[in-house]
Amino acid sequence: MKTVVEHYDVVVVGKGNAALCAALAARDKGASVAMLEAAAQDESGGNSRFAGGVMRFAYASVDDLKRVTDLTDAEVADSDFGSNTTDEFFDDLFRLTSFRTDPVLSEMLVTQSLDIMVWLRSKGVRFVPNFGRQSALVNGKRRFFGRMPIEASGGGAGLVQMLDKAVDAAGIRIFYSTRAKRLIQDGDRVVGVRASAAGKPVDFMAKAVVLACGGFEANPEMRARYLGTGWELAKVRGTRFNQGDGIKMALDIGAAPYGNWSGCHATGWDLNAPEFGDVNVGDQFQKHSYIFGLLINANGKRFVDEGADFHSFTYAKYGGEVLKQPGQFAWQVFDSKVAKLLRSEYRIRMMTKVSGNTLEELAARLEGVDPKAFLQTVHAYNAAVRTQVPFDHTIKDGRGTVGIEPPKSNWAQALDTPPFDAYATTCGITFTFGGLRIDPASGQVLDVTLAPIPGLFCAGEMVGGLFYFNYPSGTGLVSGALFGRVAGTGAARAAVETAHEEHTIVNV
Ligand SMILES: Cc1cc2nc3c(=O)[nH]c(=O)nc-3n(C[C@H](O)[C@H](O)[C@H](O)COP(=O)(O)OP(=O)(O)OC[C@H]3O[C@@H](n4cnc5c(N)ncnc54)[C@H](O)[C@@H]3O)c2cc1C
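Using this note's numbering, you'd call the opening residue of the sequence shown number 457 and step up by one each time.
The following block contains the structure:
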């Protein structure tokens, strides 16, 4: 079959948030840019499109927020937006990653996070306060918690749509149903990508290539190989197209692997959700209000501290804890006292829910759970709650338990007010932490000797070294945009530098 050949200054692989930002940044520097998207247009946009759209960035005051979003005087007067100073952001990132996060990457992320939000806004992305999921009315004032008051309008899908528009306006061509298969080299220099476009081979020749095509979360073989036994059994929260292609292509030419290759972001996810994400449901199969209830396994036992912290700081690792349980499931159990605090995802039609008017009735309906052990667990928990400490869901209230293992450290309330509701969850993987090593200043991929690979850049989930063991919510989109812009700018510069060179293609 004849191979079609296309020529661009910069070819970007992927069409999620990181790729879109890389393409825009490269175009801003004058490069001609093409984007290759494995998915057809109606399924395009990667995990970014499935994202809730919350954005974690450093802000010292409401004046910083005003650089990102329009706030009315009334909204400012009636709200307590708190802060997420660079110190607080550093603390969260360092604490959650057990101080393993790459110092240079994390410093860039924290200190440039506000600037990248302003840049996204300049590209037409609209941001709004996250009233629904990160705030509550306290004494007549809206208090935001979790240090993350802003989200993209329309969530991740809205973000991708707005960036799509910017890319279109910038004259960047997107090739859909075009899956990158391998990198083309001239000596050590990357000079293009061999892709399969609806089954036909196409060589996209370029002066620089940016890989922004996600991790290996949708690939069960790679999950089992790198994350460990059992991970092939996880459900995939987002796109089915992130098969680890970009990582494999780069490793094949000697790129350095970097970061927490046995680690990933994974959350509680409806037990009967489909194998991959459903764009019509988005992130709503998740169940993030476990902090107000109990997590119960098949043996009728609790297995984590549900109230260790705001969900933003525990949810990304608790999916993995659910996967370790017998049968890879856990029921989230609540009483009616907290029903009004449960997030919107507890009110969708497609979920696995049972209810009971007594704990005994509920116990009999918790499929797969030892009912006797469950009742013992709840009675012991109810007796252990420090009832003298007031409950306040807008702060870490310290209303914990005494004398039970594991403890529940905050938001503990006896399960005593019927009706009781329970939601069945399993592990949903979001994205993988391991990736490639880059030069943080340019986004250029390094080889195993830590020398830059000429012509090769990467961004987004593919960048290794930022996240280890855990992850603060809202960081993926911000880091994707930031390192997307870095890689796009780096690639465009490289394109200019090599503009007049002639390449002999040796291994097409
Ligand atoms: C349900 C869910 C909710 C989330 N909520 C949030 C949130 O609220 N806030 C937040 O910050 N993060 C959130 N995240 C995480 C966030 O979505 C990711 O960190 C981010 O989208 C990654 O962006 P990316 O551009 O690197 O990858 P992606 O957006 O996944 O893009 C990868 C792209 O590469 C394409 N691709 C893959 N292989 C190939 C190939 N061989 N050739 C061509 N194209 C290819 C894919 O089709 C896709 O277009 C969420 C994720 C999920 C799944």
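Every residue, glycine too, gets a C-beta built ideally from N, C-alpha and C.
None of these values were measured; they are calculated from a predicted model.
K471 beta carbon near ligand 1 (any heavy atom closer than 7 Å): Annotation for K471 indicates a beta carbon within 7 Å of some heavy atom of ligand 1.
Buried/exposed call for M806, threshold 16 Cβ in 10 Å: It is exposed - the Cβ of M806 has fewer than 16 other Cβ atoms within 10 Å.
Closest Cα partner of L933 within the set E817, L570, R556: Nearest in C-alpha terms to L933, of all of E817, L570, R556, is L570.
Option in D877, P676, I885, V841 with minimal Cα separation from V778: Residue nearest to V778 within the set D877, P676, I885, V841 is I885 (criterion: CA-CA distance).
Residue from D543, R523, G596, R556 whose Cα sits closest to the Cα of W575: Taking only the C-alpha atoms, the option nearest W575 is R523.
Given K471 as reference, the closest of A482, D620, V841, G756 once Cα atoms are compared: Put simply, of A482, D620, V841, G756 the residue whose alpha carbon is nearest the alpha carbon of K471 is D620.
H849 to L561 span [Cα, whole Å]: Rounded to the nearest angstrom, the two C-alpha atoms are 33 Å apart.
Cross-strand partners of T808 (DSSP beta bridge): Partner(s): none; T808 has no beta bridge.
I851 burial status per 10 Å Cβ neighbour count (16 or more: buried): Exposed is the call here.
Beta-carbon proximity of E499 to F631, cut-off 8 Å: Contact flag unset, no.
6 Å CB neighbourhood of F889 in its chain, flanking five on each side removed: Cβ within range, chain order: G715, N716, G719, C720, F923.
Nonlocal neighbours in the same chain, by C-beta distance under 6 Å from G733, ignoring five residues either side: If we look at G733 and ignore the five residues flanking it on each side, its Cβ neighbours are F506, R693, G694.
Candidates N540, Y464, V616, P657: closest to M457 by CA position: Taking only the C-alpha atoms, the option nearest M457 is P657.
6 Å Cβ shell around A482 - same chain, five flanking residues per side excluded: Cβ neighbours of A482 beyond the five flanking positions: V466, V489, G944, A947, A948.
Of the listed residues D484, Q617, D526, N586, nearest to Q440 (C-alpha basis): The question about residue 440 has no answer here: the residues shown for the chain are numbered 457 through 964.
According to DSSP, residues forming a beta bridge with E462: E462 is bridged to F660.
Y924 in three-state terms, based on DSSP: When DSSP states are grouped into helix, strand and coil, Y924 belongs to the coil group.
Near ligand 1: A474 beta-carbon under 7 Å from a heavy atom: The answer is yes for A474.
Any non-hydrogen atom of ligand 1 closer than 7 Å to Q699 Cβ: Yes, since a heavy atom of ligand 1 falls inside the 7 Å radius drawn around the Cβ of Q699.
N813 Cβ short of 7 Å to ligand 1 heavy atom set: Taking the Cβ of N813 as the reference point, every heavy atom of ligand 1 lies at 7 Å or farther away.
Segment limits, beta strand (DSSP E) that includes S569: Per DSSP, S569 belongs to no beta strand (DSSP E); it is in the alpha helix (DSSP H), 559-578.
DSSP state of T857 mapped onto helix, strand, coil: Residue state, collapsed to three classes: strand.
V646 and P910 closer than 8 Å at C-beta: Annotated as proximal: V646 and P910, with beta-carbon spacing under 8 Å.
Cβ separation of L798 and F785, assumed to be a contact under 8 Å, to the nearest whole Å: That pair is no contact at about 19 Å.
R603 classed as buried or exposed, judged by whether at least 16 other C-beta atoms fall within 10 angstroms: Buried is the call here.
Residue burial classification, E731 (beta-carbon count within 10 angstroms, cutoff 16): With fewer than 16 other Cβ atoms from the protein chains shown falling within 10 Å of its own Cβ, E731 counts as exposed.
Under 8 Å between C-beta atoms of N866 and G724: Not closer than 8 Å, so no.
Local conformation of G470 per DSSP, three classes: Looking at G470 - three-state DSSP - the assignment turns out to be coil, as it is neither helix nor strand.
Start-end ranges of the beta strand (DSSP E) lying completely within the stretch 875-918, minimum 3 residues: Entirely contained in the stretch 875-918, the beta strand (DSSP E) runs reaching 3 residues are, in chain order, 876-888, 900-902, 908-914.
Assigned secondary structure, P864 (DSSP; H/G/I helix, E/B strand, else coil): A small correction: the amino acid at residue 864 is Lys; Pro does not occupy that position in the sequence shown. Looking at K864 - three-state DSSP - the assignment turns out to be coil, as it is neither helix nor strand.
Test item: CB-CB of V566 and T525 under 8 Å: Judged by their CB atoms, V566 and T525 are not nearer to each other than the 8 Å cut-off.
A754 to F741 span [Cα, whole Å]: Cα-Cα distance, rounded: 21 Å.
A878 at chain C interface by Cβ criterion, 8 Å: This model lacks chain C altogether, as it is built from one protein chain only.
Beta-carbon gap between L476 and P713 smaller than 8 Å: In this structure, L476 sits away from P713, with a CB-CB distance that is not shorter than 8 Å.
Three-state class that DSSP yields for S652 in the structure shown: It is a strand residue.
Sequence-distant residues of its chain with Cβ nearer than 6 Å to G936 (five each side left out): Excluding sequence positions up to five before and after G936, its CB lies within less than 6 Å of the CB of N473, A474, G916, all in the same chain and listed in chain order.
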